[in-house]
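Novice: Mapped onto my numbering, the consecutive letters of the sequence shown carry residue numbers 117 to 354. For glycine and all other residues, C-beta sits at the position ideal for the given N, C-alpha and C. Note that the coordinates shown come from a computational prediction; the quantities given were computed from them, not determined experimentally. For reference, the structure I am asking about is given below.
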Amino acid sequence: MKTKGSIALVTGANRGLGRAIVSALLEAGAAKVYAAARDPRKVAAGDPRVVPIALDTTKPEQIAAAANQAHDVTLLINNAGVATSQNVLTTSAAEIDADLHTNVHGTLAVIKAFVPVLARKDGGATIVNVLSLTALASFPPLGGYSASKAAAYSITQALRPELRRKHIDILAVLPGVIDTDMVKELQMPKTSPAEVAKALLAGVERGEEDIFPDPMAQEMGALWNKSHKELERAFASL
Ligand SMILES: NC(=O)c1ccc[n+]([C@@H]2O[C@H](COP(=O)([O-])OP(=O)(O)OC[C@H]3O[C@@H](n4cnc5c(N)ncnc54)[C@H](OP(=O)(O)O)[C@@H]3O)[C@@H](O)[C@H]2O)c1
């Protein structure tokens, strides 16, 4: 879909990749961007096209209110996410649940609320789920988080044929390591959120079902295409 002229809603828009996606959308000529955040006062102000909106993706009443207010959305970008759990042997069930709660149930709840909104758009609409390369193969130090992203990828696939009948495309974004708070402890090469956001929108323009928006993602994505086992081994050896 064309991002120029689109009316977008981005979750987790106050910092990290979400904030960069809002900037990239404005640069690409979006007509309006609902910048959704748990605390909308933290959304970058300045451009009149930005509409801050309160949205905790685990709170059903806030999701319903957001879908009601943002009834003109054509592009929904599910970016909000957490990485609470780590090594699956040592992390607690509660920590794994926290990742599933936001990354899987929260994302799905937002999609369900916005499908009726998006289905009304004559020219079609797009949902973008920001997942992770760990959706394709587990990164053992973040095994619980990886499981949540794999589940969200599976749900993305499950939704695709049904949404297609409603003229809604659903795309997965599978980034490598991005330089945000989420991975500040990780000592690895990282891509800037601005670069990832720009590549994400380029993937949306091309309608790519699986978007690999940074050099690590492209390299690991190519490996995954060649052999799923090789990607698993590569992550195990990082
Ligand atoms: N950084 C990476 O290396 C990397 C790699 C692959 C994929 N990703 C994915 O990229 C997305 C963005 O992450 P990031 O790197 O920008 O992380 P981040 O800097 O930690 O930002 C996470 C964002 O998600 C929001 N959020 C968390 N739980 C939420 C909830 N229940 N409701 C609404 N918003 C919520 C946070 O809001 P608060 O400010 O209120 O906490 C924040 O805006 C996530 O889905 C993440 O899994 C990141």
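1. When you compare the CB positions of V189 and A152, do they come within less than 8 Å of one another, or not?
2. Might you give, ordered along the chain, the residues of its own chain that have their beta carbon closer than 8 Å to the beta carbon of A214, omitting 5 neighbours on each side?
3. Taking just the CA atoms, how far does Q303 sit from A350?
4. Less than 7 Å between C-beta atoms, sequence neighbours within five positions excluded: which residues of the same chain meet that for E346?
5. With DSSP as the reference, label V244 as helix, strand or coil.
6. Find the nearest neighbour of I137 within the set G319, R280, H217, judged by alpha-carbon distance.
7. If you follow the alpha helix (DSSP H) that D297 is in, where does it begin and where does it stop?
8. Measure from the alpha carbon of K209 to the alpha carbon of each residue in G162, V166, A263, A313, then state which is nearest.
9. Which residues mark the beginning and the end of the beta strand (DSSP E) in which N194 is found?
10. Under a three-way DSSP split, which group does L148 fall into?
11. Starting from the C-beta of A313, find all residues in its chain whose C-beta is less than 6 Å away, skip the five residues before and the five after it, and write them out in chain order.
12. Verify whether the separation of the beta carbon atoms of L142 and R165 is less than 8 Å.
13. Report the partner residues of T307 according to the DSSP bridge assignment.
14. Report buried or exposed for G292, applying the criterion of at least 16 other Cβ atoms within 10 angstroms of its Cβ.
15. According to DSSP, what are the bridge partners of L133?
16. Between the Cα of K158 and those of V244, A147, A170, spot the shortest distance and give me the residue it belongs to.
17. Could you give the first and the last residue of the continuous alpha helix (DSSP H) run that contains D215?
18. Put A124 into one of helix, strand or coil per three-state DSSP.
19. Are S122 and A160 closer than 8 Å when you measure CB to CB?
20. Tell me whether G162, by its Cβ, gets closer than 7 Å to a heavy atom of ligand 3.
21. Would you kindly work out how many angstroms separate the C-alpha atoms of R280 and K342, rounded to a whole number?
22. Among the residues of its own chain, which have a CB less than 6 Å from the CB of L191, if the five just before and after it don't count?
23. If you draw a straight line from the C-alpha of A235 to the C-alpha of K282, how long is it?
24. Check whether the Cβ of M298 sits closer than 7 Å to any heavy atom of ligand 1, and report yes or no.
25. Taking 8 Å as the threshold, find out whether the region 219–229 comes into contact with the region 267–276 through three or more Cβ pairs.
Specialist: On the basis of the supplied data:
1. no
2. V198, T200, S201
3. 17 Å
4. L339
5. strand
6. G319
7. D297 -> no alpha helix (DSSP H), and no H or E assigned at all.
8. Position check: residue 209 holds Ala in this sequence, whereas Lys was assumed. Among G162, V166, A263, A313, the Cα nearest to that of A209 is on A263.
9. 191–194
10. Residue identity check: residue 148 is Lys in the sequence provided, not Leu. K148: strand per DSSP, three-state reduction.
11. A136, I137, A140
12. yes
13. I294
14. buried
15. The partner list for L133 (beta bridge, DSSP) is empty, contrary to what the question assumes.
16. A170
17. 209–216
18. strand
19. no
20. Of the ligands this structure carries, namely ligand 1, none is ligand 3.
21. 28 Å
22. S122, A124, T242
23. 6 Å
24. yes
25. yes
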